[in-house]
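Some notes on the structure that comes next.
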Amino acid sequence: MKFLYIEDDEIDIKSCKMLCSGLEDVQVDIVDDFEKASHLIAERTFDFVISDQRLGLDSFEEFWHQLLGLPYFILSNSPNENYRNLLQPPLEMYNKPITGNTILEMMQRVKALEPSPNLEYAEMITGGDKQLLSEMVFILKRQFEEGRQRLPDLQKNNEIEEIIQVVHKLISKFTVLSMEDSFSFFNRVEKCLRDNIELNPYAYKRLVSDLERGNDFINLYIETHELHNS
Amino acid sequence: MNCIIVDDDLFYCKTLQSFCERLDLNLLGVYSDPVKALSALSETDNVDLVFLDIHMPDLSGFDILKSNPKLNVVISTMDESKAIEAFDYNVVDYLLKPVTLDRFIRAVNRAKERINPSKNPAATPAPASGAVPNKNEPKEIYVNVNKRLVKIVLDNIYLIEAKGDYILIKLIEGKNQVVHTTLKSIMSKLPENSFVRVHRSNVVNIKKIVDIEDSSILIQGEVVPISKTYRDDLLSKLNLIN
């Protein structure tokens, strides 16, 4: 797993480097200000982020939306409980100093977010009617494909209202697929856009990748259940 | 029961259609275009119940509600933030997508009760309250209506609504009364075991509650919203079996 650590305290940085060198399959990038962190998030791929809540004069409150779509943790001497009320709150808040167990616990929390999609809802609605199930699954497939195809162009042209419409229509479909973390993410994206909060590049990438993931599952389901588009 | 579905999302049209078929509801039409639905509604008075989405292109569910205030409507949406606004239109129920069959059935039962309360046993006052009757509790209050003191038997009240500087006392039998006072003031005169505030604008008689959903109460065929602030207080006064 790869994570980004946002920290300006030299002792904490050294501790983190030392701990990560002793853990298997863990990579860490460390930056000491929020602006650098934003650039890195846009350029590279991280599984999660750990952030201090204050770097010099800069506060995490001004930065959190850059993490939209990325799981993150707050690590601080006295974590600010108000962060639990953010639109996207931290998965957890820890007191310093960071320990190896803390990092392992964070990794487990992030792994637990991995979706295990299913179509039990569609199966329940259709009550064993295979033709109806086919119809519904192919409708879902079309909606996921359409969203995946349209979003990059809409982003390029900055058509925010259209993006909101596309996102809104797809939010509840993630619940249909039991992809609850994607449901929460799409929900947050809609709220941010309606509040005129600009999405970070990572969030746009994640919108598309979540749709691809949903679509891949639907395709697999169609194949394994031998469904046909009527 | 004659129904129509208005939803621009084909997936949910199919879902609700499937539920209607399972409940043997008579589905008169499925409209993905709200403009066509509005036009169809203007041409018939044969529709008993409408399953209505809120966010649709060209016309929102609220536009349809405004044009047809007497319709029995079950909202089906994924936007939980519109519940209070929807109940201002006196909707039958508010379903969050994706809708489950169980929840759909309860919404239809609520609609049936509203359409024909006398034939449904749930319409009789249900012993929903866990409150122990107190012999010393007042049985009636007197309110000032046009300089007249009018007696109201407390057991006859099912709902009290705030209306600006006035309150509307809704009665099971007889004419509803409008009184120049506040909810806070009348609450101080009512037995707290029997009456509970469920929303900044509503006080209900616990004994008259038929059922309680996440965000609403069914009482005397009316659906009343519950706000999060008052929900715990309401639950604490019920005889709940956990």
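Protein chains in written order, with our numbering: chain A, 69 to 298; chain B, 43 to 284. C-beta atoms are modelled at their ideal positions from N, C-alpha and C, and glycine is treated no differently.
For residue j and residue i, the rounded distance between their alpha carbons
i	j	result
E188 of chain A	D66 of chain B	23 angstroms
F212 of chain A	L238 of chain A	7 angstroms
E155 of chain B	L260 of chain B	10 angstroms
I202 of chain B	L91 of chain B	26 angstroms
S84 of chain B	L113 of chain B	11 angstroms
P167 of chain B	D100 of chain B	Below a pLDDT of 50, predicted positions are generally treated as unreliable, and P167 of chain B, at 46, falls in that range; the measurement from the model is reported next regardless. Answer to the nearest angstrom: the Cα atoms are 42 angstroms apart.
L138 of chain B	N264 of chain A	25 angstroms
L288 of chain A	D278 of chain A	15 angstroms
I98 of chain A	A180 of chain A	24 angstroms
Y270 of chain A	N225 of chain A	17 angstroms
G172 of chain B	F206 of chain A	Unreliable placement is indicated for G172 of chain B, whose pLDDT of 49 sits below 50; the coordinate value is still reported in the next sentence. Cα to Cα, G172 of chain B sits roughly 49 angstroms from F206 of chain A.
V48 of chain B	S102 of chain B	10 angstroms
V96 of chain A	L208 of chain A	38 angstroms
I268 of chain B	H97 of chain B	23 angstroms
Partner residues on chain B for residue i, Cβ-Cβ distance less than 7 angstroms
i	result
S240 of chain A	M120, K139 and P140
V244 of chain A	P140
Residue from the options whose Cα sits closest to the Cα of residue i
i	options	result
L267 of chain A	A:R281, A:L135 and A:F285	A:L135
S246 of chain A	A:F285, A:N163 and A:I228	A:F285
C45 of chain B	B:D51, B:F53, B:Q59 and B:Y54	B:Q59
A149 of chain B	B:L277, B:G263, B:L280 and B:D274	B:G263
L18 of chain A	A:Q156, A:L91 and A:Q121	With chain A represented from 69 up to 298, any question about residue 18 of chain A goes unanswered, as that position is not in the structure.
V235 of chain A	A:L108, A:R218 and A:C84	A:R218
N258 of chain A	B:A82, B:K217 and B:M120	Per the sequence shown, the amino acid found at residue 258 of chain A is Glu instead of Asn. That would be B:M120, whose Cα lies nearest to the Cα of E258 of chain A.
N297 of chain A	A:R216, A:M204, A:S250 and A:R262	A:M204
F53 of chain B	A:I109, A:T194 and A:I231	A:T194
Q223 of chain A	A:R262, A:V117, A:S127 and A:V276	A:V276
K70 of chain A	A:S83, A:E78, A:C88 and A:K82	A:C88
T142 of chain B	A:T243, A:P157 and A:L108	A:T243
S74 of chain B	B:T86, B:C55, B:C62 and B:A82	B:C55
E215 of chain B	B:V77, B:K250 and B:F93	B:K250
P320 of chain B	A:G124, A:E291, A:S240 and A:M86	Any answer about residue 320 of chain B is impossible in this case: the structure gives chain B only from 43 up to 284.
7 angstroms Cβ cut-off: residues of chain A touching residue i
i	result
P51 of chain B	The identity of residue 51 of chain B in the sequence shown is Asp, whereas the question assumes Pro. Result: K237.
S60 of chain B	I193, T194 and L200
T57 of chain B	I193
Anticipated Cβ contact below 8 angstroms, residue i with residue j, distance rounded
i	j	result
G137 of chain A	R274 of chain A	4 angstroms
P233 of chain B	E179 of chain B	4 angstroms
I228 of chain B	L213 of chain B	Wrong, their Cβ atoms sit about 14 angstroms apart, outside the cutoff.
S91 of chain A	I171 of chain A	Per the sequence shown, the amino acid found at residue 91 of chain A is Leu instead of Ser. Yes, they are in contact, since the Cβ atoms of L91 of chain A and I171 of chain A sit about 6 angstroms apart, within 8 angstroms.
D80 of chain A	D101 of chain A	In fact, because the Cβ distance is near 14 angstroms, the residues do not count as touching under 8 angstroms.
S119 of chain A	Y151 of chain A	Going by Cβ atoms, the distance from S119 of chain A to Y151 of chain A rounds to 10 angstroms, so no, they are not a contact pair.
Any chain B beta carbon closer than 9 angstroms to residue i
i	result
I265 of chain A	no
T167 of chain A	no
Y289 of chain A	no
L279 of chain A	no
Q233 of chain A	yes
E203 of chain A	yes
Contacts of residue i in chain A (Cβ-Cβ under 8 angstroms)
i	result
R152 of chain B	Within chain A, no residue comes near R152 of chain B; the closest Cβ sits about 21 angstroms away, beyond 8 angstroms.
L143 of chain B	M192 and I193
Cβ of residue i within 9 angstroms of any chain A Cβ
i	result
P76 of chain B	no
H241 of chain B	no
P99 of chain B	yes
Partner residues on chain B for residue i, Cβ-Cβ distance less than 8 angstroms
i	result
L208 of chain A	F53
M247 of chain A	Under the 8 angstroms cutoff, chain B gives no residues; its nearest Cβ is about 12 angstroms from M247 of chain A.
Contacts of residue i in chain A (Cβ-Cβ under 9 angstroms)
i	result
R64 of chain B	G195
Under 9 angstroms from the C-beta of residue i: neighbouring residues of chain B
i	result
Q211 of chain A	D51, L52 and F53
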